[in-house]
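Here the sequence shown is numbered in the working numbering, starting from 646 and rising by one per residue. Idealized CB from N, CA, C, for every residue including glycine. Below: one structure, written as structure tokens.
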Amino acid sequence: MKAKTHAEEAAAFIKDDARTHWHDETLWHVRSNRDRSAQGIPEWETLRDTASATKNYVLSHLGELLEQFEANAKANGVEVLWARDDKEHNEHVYRILQENKVSNIVKSKSILTEECGLNHYLEKKGYDVVDTDLGERIIQFAKQTPSHIVLPAIHLKKQDIGEIFHDHIGTKKGASDPNYLTEAARQHLRKKFVEANAAITGVNFGIAETGGFVVCTNEGNADMGTHLADVHIACMGIEKLIPRAADLGVFLRLLARSATGQSITNYSSHFHRPAKGKKLYIILVDNGRTAQLGREDFKNSLKCIRCGACMNTCPIYRRSGGHSYNYTVPGPIGSILSPGRDLKQYSTLPFASTLCGSCSDVCPVKINIHEQLYKWRQVITENTNVDKSKQLSMKVAGMTFGKPVLYDLAGKMARTALKITPKSLVYSSLNVWGKHRDLPEVPKESFKEWFKKNRKQ
Ligand code: SF4
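In structure tokens, the structure reads:
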């Protein structure tokens, strides 16, 4: 089946006008919190510069830093595994679960395991994976995917969550009080934590110098899972490295402020070695990352620390919702990561942008997101079958803009045509731009004509 375009998916989202406005305003509120928090520390831009330079160093020394990380982690008693792709990653997890006779699994939020389709894979093998992040648990119950990398259930209202909880954990029908629902989720998850004998986590930062790693959560669910279970499996994308423990402070200060405006994530948990009698595994996953590293124009997208700030600020994301991207990482950063995975399938995503540059402005590691979006558009136009009507209109526009005489003539004709054409024709299905917007009032003359008349005054 042909994948839906971003515009088609977005059209479905914006049908619910109230939700579109609410979604937009909620994320703008998060963006405003980020601004206040960032402006509260005078060294903000220095932190961004330092983080960007550190990540550039990581990308240019990735091989040796990974080997250093592996050697140090092994010396700490950690079993380190490598996965070329999602399949190998999932197979490693399954083998570990089998070898350790695991029956109950808890998982804290990990975008990488979403990317690898781990839950689905393990469910097919007969395992029940319990997502323990509150937002993740909600969407797991609803059989949906996250619509945001930091706020996975941001597309749902408290009334929706009340219904989902009523169906799955027996809360009162119609109850939507956040305190009541959170307490119910807490009690439900406590039981799952106690029963679990394996905990799966993601990794926010792996430290090459020590072989240790850090997991950031606001709910403490990664700690709860790993402290109670005998087996901890940490799944880490190979780009998540930082060279030294001393670099960590810069990233922790940037991450929480950029994500939600908090000064620090509630729990920044450090893992170095397995506790006595327990096992700790780290799976280092490539899954297309080295291919992206080889793309000169796009490699620095791998600097991303998954804070979500580019989504919160993006006018398209805020008004079209995360599911409209149909990719694990939605929004501006997802639109430059996804074409590298499948150029054809994700060919419409780099066009889902105004190229306003707000994403690049807020990015804590200074990724030139909007420039990469623009670059992908060129690659896509050259390599895929872009819509014929679009190709033709671009050709005509190129010709018109290239010849002043033609441009003046086209302007005159358009001004006259718009004055005499009935509205029903101007706002017909042929004019996609006018679907939700009014055209500006037609001026009497062009700017050039006005300037000629008025320049002497
Ligand atoms: S690209 Fe930048 S702003 Fe967007 S999620 Fe990654 S680090 Fe955050």
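Alpha-carbon to alpha-carbon, residue j and residue i
i	j	result
R1106	S1038	The first residue shown for the chain is 646 and the last is 1102, placing residue 1106 beyond what the model contains.
Q990	H651	10 Å
T958	L801	19 Å
T905	L672	10 Å
R986	G933	7 Å
S1074	K1080	8 Å
K1035	K1101	41 Å
L947	T1066	50 Å
A798	I784	6 Å
H737	L897	29 Å
Y962	K1098	44 Å
E1090	A663	39 Å
L796	Q907	14 Å
G815	K770	28 Å
G857	E715	10 Å
L757	V848	9 Å
P1085	K836	60 Å
L1051	P975	41 Å
R681	R693	16 Å
V1077	A1042	17 Å
Q1017	L726	32 Å
V839	E670	38 Å
Close beta carbons around residue i, own chain, < 8 Å, minus the five adjacent residues each side
i	result
L893	F850, I852, V859 and I887
E854	Q713, N717, P888, R889 and A890
P984	Y991, S992, L994, P995, W1021, V1024 and I1025
L988	V1024, I1025, N1028 and T1029
Option in the options with minimal Cα separation from residue i
i	options	result
I909	R679, G819, I927 and T1045	R679
K700	Y972, D1053 and I950	I950
P791	I878, K660, F996 and T973	T973
C880	A648, K752 and L834	K752
S914	T816, H674, M869 and L726	M869
V876	E715, F1046, D669 and N745	N745
K649	R898, N971 and A891	N971
D1006	K1033, T1026 and G953	G953
T993	Y772, G685, Y1019 and E768	Y1019
E884	F786, T777, T935 and R835	T935
D776	K769, L796, H793 and K754	K754
S748	N735, L726, D731 and D773	D773
A874	G857, D805 and K921	K921
T999	K1011, S980 and L988	S980
G685	F838, L899 and I806	L899
I794	A698, E781, Y1072 and R831	E781
T691	V1010, L1084 and R1082	V1010
Y766	D731, K788 and P1085	D731
Residues near residue i by beta carbon distance below 6 Å, same chain, minus five either side
i	result
R918	N721 and G722
W689	A683
P977	C955, C959, C1004 and I1014
I659	T665
L834	T777
H811	K818
A1055	T1045
G1002	H1015
Q804	S821
Contacts around residue i, its chain only, beta-carbon distance under 7 Å, and the 5 residues preceding and following it disregarded
i	result
V1087	R1060, L1063 and K1064
R729	D931
A655	S965 and S969
L696	Residue 696 is actually Ala in this sequence, not Leu. These residues qualify, in order along the chain: V895, F896, L899, P1009 and V1010.
N866	S753, T777 and D778
H813	F786
Residues bridged to residue i [DSSP beta-bridge criterion]
i	result
D776	K752
W851	It should be pointed out that residue 851 corresponds to Gly in this sequence rather than to Trp. F858 and L886, per the DSSP bridge assignment.
L719	Correcting the residue identity first, residue 719 is Lys in this sequence and not Leu. Note: K719 sits in no beta bridge, so no partner.
E724	Y926
Y912	T862
S877	For the record, residue 877 in the displayed sequence is His; it is not Ser. Paired residues: A844 and L925.
Is it the case that the segment 714-731 contacts the segment 938-947, given that we only count it when at least three CB pairs across the two stretches are under 8 Å?
no
Touching or not, the segment 959-971 and the segment 860-877, by the rule of three or more beta carbon pairs under 8 Å?
no
Touching or not, the segment 731-751 and the segment 913-929, by the rule of three or more beta carbon pairs under 8 Å?
yes
Taking contact to mean at least 3 C-beta pairs separated by less than 8 Å, is the segment 701-719 in contact with the segment 839-850?
no
Contact the segment 759-772 vs the segment 823-833: 3+ CB pairs below 8 Å:
no
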